[in-house]
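*Asks:* Residue numbers (the numbering used here), protein chains in the order written: chain L, 12 to 377; chain U, 3 to 133.
Note that the Cβ used here is the ideal one computed from N, Cα and C, for glycine as well.
(1) Cutting at 7 Å between CB atoms, please list the residues of its own chain near residue 270(L), excluding the five before and the five after it.
(2) Quick one: Cα of residue 321(L) to Cα of residue 333(L), how far?
(3) Against residue 327(L), what residues of chain U qualify as contacts under a CB-to-CB distance less than 8 Å, listed in chain order?
(4) Contact between the segment 237-248 of chain L and the segment 323-330 of chain L: three or more CB pairs below 8 Å?
(5) For residue 29(U), does the count of other Cβ atoms within 10 angstroms reach 16, so buried, or fall short, so exposed?
(6) What span of residues does the beta strand (DSSP E) with residue 20(L) cover, start to end?
(7) Would you mind reading off the limits of the alpha helix (DSSP H) that contains residue 36(U)?
(8) Please work out which residues of its chain come closer than 7 Å, Cβ to Cβ, to residue 193(L), disregarding the five sequence neighbours upstream and downstream, and give them in chain order.
(9) Under the three-state reduction of DSSP, which class applies to residue 230(L): helix, strand or coil?
(10) Please name the residue in 372(L), 302(L) and 67(L) whose C-alpha comes closest to that of residue 148(L).
(11) Which class does residue 284(L) belong to by DSSP, given the choice of helix, strand or coil?
(12) Identify every residue that forms a DSSP beta bridge with residue 115(L).
(13) For my contact list, residue 117(L) and residue 73(L) are in at a C-beta cut-off of 8 Å; report their separation, rounded to the angstrom.
(14) Can you round the beta-carbon distance between residue 11(U) and residue 115(U) to whole angstroms, since I take them to be within the 8 Å contact cut?
(15) So residue 122(L) and residue 106(L) are in contact, right, with Cβ under 8 Å, and what is the actual spacing, rounded?
(16) Would you verify that the beta carbon of residue 305(L) is, or is not, closer than 8 Å to some beta carbon of chain U?
(17) What's the C-alpha gap between residue 233(L) and residue 259(L)?
(18) Tell me whether residue 162(L) sits in a helix, a strand or coil according to DSSP, three-state version.
(19) From this set, 373(L), 370(L), 304(L) and 365(L), which residue's C-alpha is nearest residue 357(L)'s C-alpha?
(20) Whose Cβ in chain L lies nearer than 9 Å to the Cβ of residue 76(U)?
(21) Measure the C-alpha to C-alpha separation of residue 118(U) and residue 371(L) and round it to an integer number of angstroms.
(22) Look up residue 334(L) in the DSSP assignment and say whether it is helix, strand or coil.
(23) The beta strand (DSSP E) with residue 42(U) in it runs from where to where?
(24) Please work out which residues of its chain come closer than 6 Å, Cβ to Cβ, to residue 54(L), disregarding the five sequence neighbours upstream and downstream, and give them in chain order.
(25) Short of 6 Å in beta carbon distance, which residues of its chain neighbour residue 3(U), apart from the five on each side in sequence? Order them along the chain.
(26) Could you tell me whether the segment 46-54 of chain U touches the segment 336-349 of chain L, using the rule of 3 or more Cβ pairs below 8 Å?
(27) Could you tell me which chain L residues have their CB closer than 9 Å to the CB of residue 102(U), listed as they occur along the chain?
(28) If you run the structure through DSSP and keep just helix, strand and coil, what is residue 32(L)?
(29) So with CB distances below 7 Å, who are the chain L contacts of residue 41(U)?
(30) Name the chain L residues that come within less than 9 Å of residue 44(U), Cβ to Cβ?
(31) Helix, strand or coil: which one does DSSP assign to residue 133(L)?
(32) Does the structure place the segment 78-90 of chain U close enough to the segment 120-130 of chain U that three or more beta carbon pairs sit under 8 Å?
(33) Using a C-beta cutoff of 8 Å, does residue 206(L) count as contacting chain U?
(34) Taking 8 Å as the CB-CB cut-off, is residue 40(L) touching chain U?
(35) Any beta carbon from chain U within less than 8 Å of residue 73(L)'s own beta carbon?
Right, here's the structure in full:
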């Protein structure tokens with residue numbers, strides 16, 4: 012049975028093309044994916060991300076539990092509302108999921124995890140939580156709307172109760188706070204996102220989600236589908252779980268080393284495997300590719316290097332750049348001239364440092 | 003969904019064929035197909051002078067989402083390709099049955115045209131797909 016978010020009828024009324032996404036019936040676009048992509052880069056767009064799973068953790072030992080569960084260090088979270096991106100690893104160091112953890116108080120943290128991994132994540136977290144006496148509570152009573160783009164914050168702020176505007180306006184990156192939205196609805200507003208643009212991700216009680224969406228639309232925020240979300244995050248150099256990493260991949264091989272905190276004496280799940288691979292040498296690396304010629308780089312295409320074959324993970328036409336870009340995992344070491352096999356044709360590509368796009372502009376060298 | 007022109011013949015795989023006054027066959031993809039594919043970003047055109055076989059891949063269209071082979075509805079020789087698509091592949095999104103045509107074939111076996119679906123039959127194909 013396909014699941015629906017509370018905004019399903021709203022998407023259909025807008026003429027969205029709907030697709031199955033991790034068991035959810037979601038809008039891929041409302042007409043033109045490319046126009047939606049540009050709306051986010053140039054102005055403001057919104058995405059229904061209510062399919063993502065919100066999990067609240069309660070208990071006196073919650074921080075201690077998260078020190079064990081997550082590869083990034085929750086000790087970086089010192090101020091209420093602060094958020095942290097982390098991988099959750101298995102004992103072999105493979106990535107079970109990537110997530111965001113929010114800190115409310117010592118007895119209450121919140122996780123937002125991927126939709127497609129919901130069941131396995133919940134089972135894993137519940138199993139690990141037992142030893143710490145932490146209560147794991149899914150929050151299907153919430154919907155979530157991401158509002159992204161250079162004008163996104165201003166448009167959201169206008170809809171908030173005026174007493175909240177200065178405080179939410181000053182919210183730092185990767186921080187969140189409660190605020191009152193239209194008609195006094197209670198919002199949890201986080202300055203996070205998955206597009207490479209500034210903006211907010213807003214958690215809202217289900218029953219208010221349609222009203223919030225409509226208020227944002229009236230404020231000139233363009234509805235955007237998951238198609239545009241995918242090209243935006245690829246340009247921004249952000250990994251997609253299931254495509255760029257999974258349980259067979261260690262974070263070192265997915266450019267996620269920056270999220271690993273090997274802090275003294277912290278025994279998190281997967282740490283031993285990570286240290287072992289780091290000492291032995293990481294066999295594969297994740298790189299950025301740009302195709303300057305015609306054609307489109309796509310998931311699964313073979314990548315040919317001096318050290319052997321790799322493959323394209325996420326690949327797509329990038330609307331901001333008007334050419335194709337990709338992430339690829341290739342054997343470690345100097346790769347020489349890199350080529351991609353596109354339907355039997357070997358096409359030369361350029362190896363680049365990514366992100367490909369930041370704050371609406373192509374990055375240098377792309 | 004725009005109207006399906008009655009003078010077109012179709013393959014189940016969503017290519018259309020129009021027999022021109024000079025007997026040449028113009029080929030494109032249906033409006034339904036462009037809608038399914040989404041924004042087109044690249045079209046790999048066949049070479050003028052090359053031979054095509056009915057039901058075989060002759061061109062490739064790539065949208066943001068996916069690459070799709072375009073099958074020729076008839077056998078014959080490619081006599082012209084729509085060069086406009088090199089710079090403006092989105093023409094297919096905007097006018098799939100008109101300006102967004104892809105290639106023109108001099109058919110070698112006109113009987114193949116009788117094997118194709120007419121507009122009503124094609125409409126049934128896409129209605130069944132949607133269910």
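*Replies:* From the atom records:
(1) 82, 83, 96, 97, 98 and 262
(2) 25 Å
(3) 66
(4) yes
(5) buried
(6) Per DSSP, residue 20(L) belongs to no beta strand (DSSP E); it is in the alpha helix (DSSP H), 19-24.
(7) 33-39
(8) 170, 222, 223 and 226
(9) coil
(10) 67(L)
(11) helix
(12) Its beta-bridge partners do not exist; DSSP assigns none.
(13) 7 Å
(14) 6 Å
(15) Incorrect: roughly 15 Å between the Cβ atoms, too far for contact.
(16) yes
(17) 37 Å
(18) coil
(19) 304(L)
(20) None at all; the shortest Cβ gap to chain L is about 23 Å.
(21) 47 Å
(22) strand
(23) 42-46
(24) 160 and 162
(25) Confidence at residue 3(U) is low in this model, with a pLDDT of 48, below 50, so its placement is unreliable and the value that follows should be read with caution. Contacts found: none.
(26) no
(27) Residues of chain L passing the Cβ test: none, with the nearest at roughly 15 Å.
(28) strand
(29) 43, 44 and 45
(30) 305, 306, 307, 328 and 335
(31) helix
(32) no
(33) no
(34) yes
(35) no
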